[in-house]
Amino acid sequence: MGLVGVQENGKGEMALSLGNKSKYKRMDSELSDDFDDEASNHYNELERKKSIRKYVLACAIFASLNNVLLGYDVGVMSGAIIFIQEDLKISEVQEEVLVGILSIISLLGSLAGGRTSDIIGRKWTIAFAAVIFQIGAAIMTFAPSFQILMIGRVLAGVGIGFGVMIAPVYIAEISPTVDRGSLTSFPEIFINLGILLGYVSNYAFSGLSVHINWRVMLAVGILPSVFIGFALFIIPESPRWLVMQNRVEDARSVLLKTNENEKDVDERLSEIVAAAGMSNGEKNEEKAVWRELLSPSPPLRRMLITGFGIQCFQQITGIDATVYYSPEIFKEAGIENNSKLLAATVAVGVTKTAFILIATFLVDRVGRKPLLYVSTIGMTVCLLTLSLTLGFLGHGQLGIALAVLCVCGNVAFFSVGMGPICWILTSEIFPLRLRAQASALGAVGNRVCSGLVAMSFLSLSRTITVGGTFLLFALLSALSVLFAYKCVPETKGKSLEQIELLFDNHNEWQGSEVEMGDSEHLVQKA
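Numbering (the working numbering), first residue to last: 6 to 531.
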């Protein structure tokens, strides 16, 4: 009887047990489904972030293509001028004017670029720059005389002025805060790539006849601007420009494409709207932009000193003279063969390009100021050593080796700091309503200083020697160290709107690091 009871009980318990197992299976299935959904969502989120990174990277690359044109012109003209002089029989003064006029004339493009980009948008200003340069390059390629060559040079300069001014502004305005420094350094990377391509072009086509080789060298410069036509189908308009046009929903759509965290989009959009003076849907009535720039408030004055000052220091330390006239420098050191001169310039181009890539990886990790210190101090040492080498070591093998080493060292230190950070800071520090035209003003300072250096280098070298000229550059480079210490704040990790606040406080502007309260605010933002 007991056995039967046990069996019955066992039978009942077995039924219960089977029921429980079925229940456990259902629970396991639900947990598994939840886990699969979570894993799928996580995978989709990762894929979305990768896609956004690639999209922003593509935008930065395409926006920087105009800067290849500037770099290519600087690099190719250093070699092409040797053959232009031989073919068109131009004088030394005409040579200086031909080399330097592009930088002077590009200030017209930079000045007009600020207003133009506010009217037609950042994206179409990039396209406009490419078209003007193509026309100028085509005229230079077929120029039968010095006068026609100058007309093409002027048009190319205007196009380059537009391109140089707008690229960092556009990239800064579309980039996520965390990657803004490295992405905004892309224009400088592409300038260096252009310089390297110019040097390689010199070396590759130097074997052609004198009447043909320099024309081919200049014609190759048209190619990068052709790709900008394809870029127009990919890159969006700047969300900050769209807000200025009261197209807030369009701006939101762009921010969704360029920001990895969707939760941050509305917050970023609110900051941009407030910065544009459009809170509550109404535009703030401000003084005319140029009136405000010419009669600035104390915070704006600090921004202008920083932005305009660093643009001028980038050029008066002689980087364009080093690049444009590197064959002349190496000839002064003792290299006489044209092929060897052009091969040495290729080494300079490779060095310059390699170190700008290093800067791209470091600028958002190390910060702007540490790289500026390394850059300006290193440039000062290299320029001083080059001056002493050219002045005292003569034409021996040691003098040649030291000259090549110092020129490569100078462009390396320039590329790791002063080169990219100049453009990064100028595109970061100004308020939205003034950013385009204030950046244009900085670019004007840059181009004027570049042109003055390029147009006076040969004459100055004849007066105080090449060594004496580089001693002057070394002294100016030493001043740039002091300028970086006193007038450049650290902007790493801050949104464009937060950077404006740095200049409200005189102490923060004079180089102090981010305050504790700001650090906590940034941590909450991240």
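We treat Cβ as the ideally placed atom computed from N, Cα and C, and that holds for glycine.
I'd like the list of long-range same chain contacts for residue i, defined as Cβ closer than 6 Å, with 5 residues on each side in sequence excluded.
{"i": "L389", "result": "A479"}
{"i": "A326", "result": "V458 and F462"}
{"i": "Q442", "result": "G119 and V294"}
{"i": "R257", "result": "L274"}
{"i": "G472", "result": "S392, L395 and G396"}
{"i": "A196", "result": "Here the sequence assigns Ile to residue 196, which means Ala is not the residue at that position. Closer than 6 Å at Cβ, skipping near neighbours: N72, L75 and G76."}
{"i": "A483", "result": "T385"}
{"i": "F508", "result": "P304, R307, M308 and W514"}
{"i": "T474", "result": "L465 and S466"}
For chain B, is any of its Cβ atoms less than 8 Å away from the one on residue i?
{"i": "E297", "result": "No chain B is present in this structure, which holds just one protein chain."}
Can you tell me which of the options puts its alpha carbon nearest to the alpha carbon of residue i?
{"i": "Q316", "options": "L446, V253, W246 and F435", "result": "L446"}
{"i": "L247", "options": "A85, S500 and L437", "result": "L437"}
{"i": "G186", "options": "I277, G164, I426 and A280", "result": "I426"}
{"i": "S69", "options": "L198, A279 and R296", "result": "L198"}
{"i": "G212", "options": "L112, G84, V371 and F318", "result": "G84"}
{"i": "G141", "options": "V368, S115 and G162", "result": "G162"}
{"i": "I194", "options": "T385, G473 and G424", "result": "G424"}
{"i": "Q503", "options": "L260, E272 and V81", "result": "E272"}
{"i": "A65", "options": "G114, D184 and I109", "result": "D184"}
{"i": "A352", "options": "A364, V328, V368 and E337", "result": "V328"}
{"i": "T121", "options": "G354, L188, A338 and M170", "result": "M170"}
{"i": "F313", "options": "R127, I361, R440 and K262", "result": "R440"}
{"i": "N251", "options": "F488, A280 and G226", "result": "A280"}
{"i": "D269", "options": "S500, L506, E505 and D509", "result": "S500"}
{"i": "I277", "options": "T381, I179 and R467", "result": "I179"}
{"i": "T189", "options": "I109, L367 and A224", "result": "L367"}
{"i": "V409", "options": "L362, I469 and G339", "result": "G339"}
{"i": "K476", "options": "I89, C411 and V253", "result": "Strictly speaking, residue 476 in this sequence is Leu, with Lys absent from that position. Comparing Cα positions, the closest option is C411."}
{"i": "V225", "options": "V215, S214 and V205", "result": "V205"}
{"i": "L228", "options": "V253, F167, L202 and F488", "result": "L202"}
{"i": "R245", "options": "I324, V174 and L506", "result": "V174"}
{"i": "I89", "options": "I106, L261 and I217", "result": "I217"}
{"i": "A143", "options": "I124, L223 and V215", "result": "L223"}
What is the residue span of the alpha helix (DSSP H) that residue i lies within?
{"i": "Y204", "result": "F191 to F210"}
{"i": "L228", "result": "L228 to A236"}
{"i": "A117", "result": "E97 to I125"}
{"i": "T350", "result": "N343 to L367"}
{"i": "H532", "result": "Summary: the structure shown does not reach residue 532, with the chain confined to residues 6 through 531, and so no result is reported for it."}
{"i": "V259", "result": "V253 to T263"}
{"i": "Y175", "result": "F151 to I179"}
{"i": "P436", "result": "Segment: none, P436 is in no alpha helix (DSSP H) and carries neither H nor E."}
{"i": "D92", "result": "L70 to L93"}
{"i": "A280", "result": "E267 to A280"}
{"i": "K381", "result": "Residue identity check: residue 381 is Thr in the sequence provided, not Lys. Per DSSP, T381 belongs to the alpha helix (DSSP H) from R373 to F397."}
{"i": "K336", "result": "S331 to A338"}
{"i": "F147", "result": "Unbroken run through F147: none, as it is neither H nor E."}
{"i": "P241", "result": "Taken as a continuous stretch (DSSP letters only), P241 belongs to no alpha helix (DSSP H), as it is neither H nor E."}
{"i": "R307", "result": "P303 to I321"}
{"i": "E502", "result": "L501 to L507"}
{"i": "S300", "result": "S300 -> no alpha helix (DSSP H), and no H or E assigned at all."}
{"i": "Q402", "result": "Q402 to V421"}
Note down, in chain order, each residue of its chain lying with its Cβ closer than 8 Å to the Cβ of residue i, except the 5 sequence neighbours on either side.
{"i": "V379", "result": "F418, V421 and G422"}
{"i": "E101", "result": "A459, M460, S461, F462, L463 and S464"}
{"i": "L309", "result": "L298, P301, A443 and L446"}
{"i": "S150", "result": "L93"}
{"i": "E242", "result": "G126, R127, K128, D255 and V259"}
Less than 7 Å between C-beta atoms, sequence neighbours within five positions excluded: which residues of the same chain meet that for residue i?
{"i": "T311", "result": "L430, I434, C492 and V493"}
{"i": "E265", "result": "K54, I57 and P181"}
{"i": "C413", "result": "A352, V353 and T356"}
{"i": "Q320", "result": "N451, C454, S455 and V458"}
{"i": "K3", "result": "Residue 3 lies beyond the residue range present for the chain, which begins at 6 and ends at 531; the question has no answer from this structure."}
{"i": "L398", "result": "G404 and L407"}
{"i": "C387", "result": "C411, G414, N415 and F418"}
Inset, instruction - Tell me, please, whether the region 130-143 touches the region 218-235 by the rule of three or more beta-carbon pairs shorter than 8 Å. - result: Touching, per the Cβ criterion.
Inset, instruction - Determine, using beta-carbon pairs with one atom in the region 299-310 and one in the region 68-77, whether at least three such pairs fall under 8 Å. - result: For the pair of segments examined, the region 299-310 was found not to touch the region 68-77: the number of CB pairs separated by less than 8 Å stays below three.
Inset, instruction - Give a yes or no on contact between the region 149-162 and the region 236-246, applying the rule of three or more CB pairs nearer than 8 Å. - result: At 8 Å Cβ cutoff, the stretches do not touch.
Inset, instruction - State whether the region 339-347 contacts the region 91-105, with contact taken as three or more CB pairs (one from each stretch) at a distance under 8 Å. - result: They do not touch, by the three-pair rule.
Inset, instruction - Check whether the region 161-175 touches the region 114-129, counting contact only when three or more Cβ pairs, one atom from each stretch, lie closer than 8 Å. - result: Because the criterion of three Cβ pairs below 8 Å is met, the region 161-175 and the region 114-129 touch.
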